[in-house]
Structures are given as C-alpha cells and as structure tokens.
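2 protein chains.
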Amino acid sequence: MKARVHVMLKAGVLDPQGEAVRHALGALGFDQVGGVRQGKVIDLEVDASSEEAARASVTEMCEKLLANTVIEKYDIEISAA
Amino acid sequence: MKARVHVMLKAGVLDPQGEAVRHALGALGFDQVGGVRQGKVIDLEVDASSEEAARASVTEMCEKLLANTVIEKYDIEISAA
C-alpha cells in the first residue's frame, strides 16, 4: 500500500516559512497571492493486509513521530500500490 | 482559488530526510515500512479569474521560486476557494 501524509501547521499557528514564500513571491511580482502555508508531505510504502490496517499503522506513526500534534495536524491518504 | 503544490525530489535523487524518517520508524518498531520520500506541500490563495489562469501563474511560481527543477518535480492542484 502507498500512504501519503500531509503535515501542516494548525490554523492560528504562525507559519514563518509560508510567510517567507509569500514575501518572495511578492518580490517577484506575483501580487495575486494571498495567504501561503507550507507543510510537509511524506510518501510511505506500507506492507499491510488491508487499507484499514495501513491507515491504523500510519496514524500511529503520525502520532508518535511524523507530526507534532501540539501545533501540527495531519491527514492520511491510502492507495493500493 | 486555492492551489496546492507538491514539491518532491525526482526519482533517483537521494532523499536523506526520507531515509532519516525510515530509520526512525524502524527504530520505533514499524518494520512494515518500505521506502519513504519526504517533500514539501505549499497551499496558496491565488486571485485569478479562472482555473486555467490560476494554474498558469502557479506553474510560473514553481518554475521561478517554489521548486528547484534540476532535482525536484512539482504537481499542482487547483480548487475553487
């Protein structure tokens, strides 16, 4: 199974990386850009018997390692390999 | 319009971040994980008259700033705000 995890800062948490991108885009003349948020995407190959099993183990990985759940939220997409 | 951009290292380019995540997951007992690739996700609010216009300007942003196209590939999803 393939899993794609998005880890983004929660709404309300200051995102200096996103702000830096927004400023840089503005300096390049892209004035049509409003808010920018930057996060991480992690693609994993997971050996699991079912989509539910894969989702359960990836959720545990997120809680234990991939996301800092105090300030970050994550979402998980599972697809057959 | 909302745009979501994924920037990933091209296949064949060594991904030390992904490797570090894979090792850390293994050390936590997640032996079912094969390859791991880590990239960036950038969410933008773009002021554009149509989906095509938004996609064109975000493509230009990727080429000029968001991705290093020598080693990274990007893909763009546009959705109505």
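Here the protein sequences come in this chain order: A and B. For the first sequence, counting from 1, position 58 maps to 103 in this note's numbering; every step adds exactly one. For the second sequence, counting from 1, position 46 maps to 91 in this note's numbering; every step adds exactly one. Glycine included, C-beta positions come from ideal geometry on N, C-alpha and C.
Chain B contact for residue i (CB, 7 Å cutoff)
i	result
aspartate 60 of chain A	no
glutamate 97 of chain A	no
methionine 106 of chain A	yes
lysine 109 of chain A	yes
Proximal chain A residues relative to residue i, where beta-carbon distance stays under 7 Å
i	result
glycine 84 of chain B	Val86
serine 124 of chain B	Result: empty, since nearest Cβ-Cβ is about 14 Å, beyond 7 Å.
Partners in chain B for residue i, counting only beta-carbon separations shorter than 9 Å
i	result
methionine 117 of chain A	According to the sequence as given, residue 117 of chain A is glutamate; it is not methionine. Going along chain B, no residue has its Cβ under 9 Å from glutamate 117 of chain A, so there is no contact; the nearest lies around 12 Å.
Contacts that residue i makes with chain A (C-beta to C-beta distance below 8 Å)
i	result
histidine 68 of chain B	Within chain A, no residue comes near histidine 68 of chain B; the closest Cβ sits about 11 Å away, beyond 8 Å.
lysine 139 of chain B	Residue 139 of chain B cannot be examined here, being either before or after the span of chain B that is shown, 46 to 126.
Residue burial classification, residue i (beta-carbon count within 10 angstroms, cutoff 16)
i	result
serine 102 of chain A	buried
leucine 70 of chain A	buried
valine 78 of chain A	buried
leucine 73 of chain A	exposed
valine 115 of chain B	exposed
histidine 51 of chain A	buried
alanine 65 of chain B	exposed
CB contact below 7 Å: residue i versus chain A
i	result
glycine 80 of chain B	yes
Coarse secondary structure for residue i, derived from DSSP in three states
i	result
methionine 106 of chain B	helix
leucine 89 of chain B	strand
valine 115 of chain A	coil
alanine 48 of chain B	strand
leucine 59 of chain B	coil
Short CB-CB distance (under 7 Å) between residue i and chain E
i	result
aspartate 92 of chain B	In the structure shown, chain E does not exist; the protein chains are A and B.
Any 3 or more C-beta pairs closer than 8 Å across the region 72-83 of chain B and the region 79-97 of chain A
The region 72-83 of chain B vs the region 79-97 of chain A: in contact.
Meets three-Cβ-pair contact criterion under 8 Å: the region 94-101 of chain A and the region 56-70 of chain B:
No, the region 94-101 of chain A does not touch the region 56-70 of chain B.
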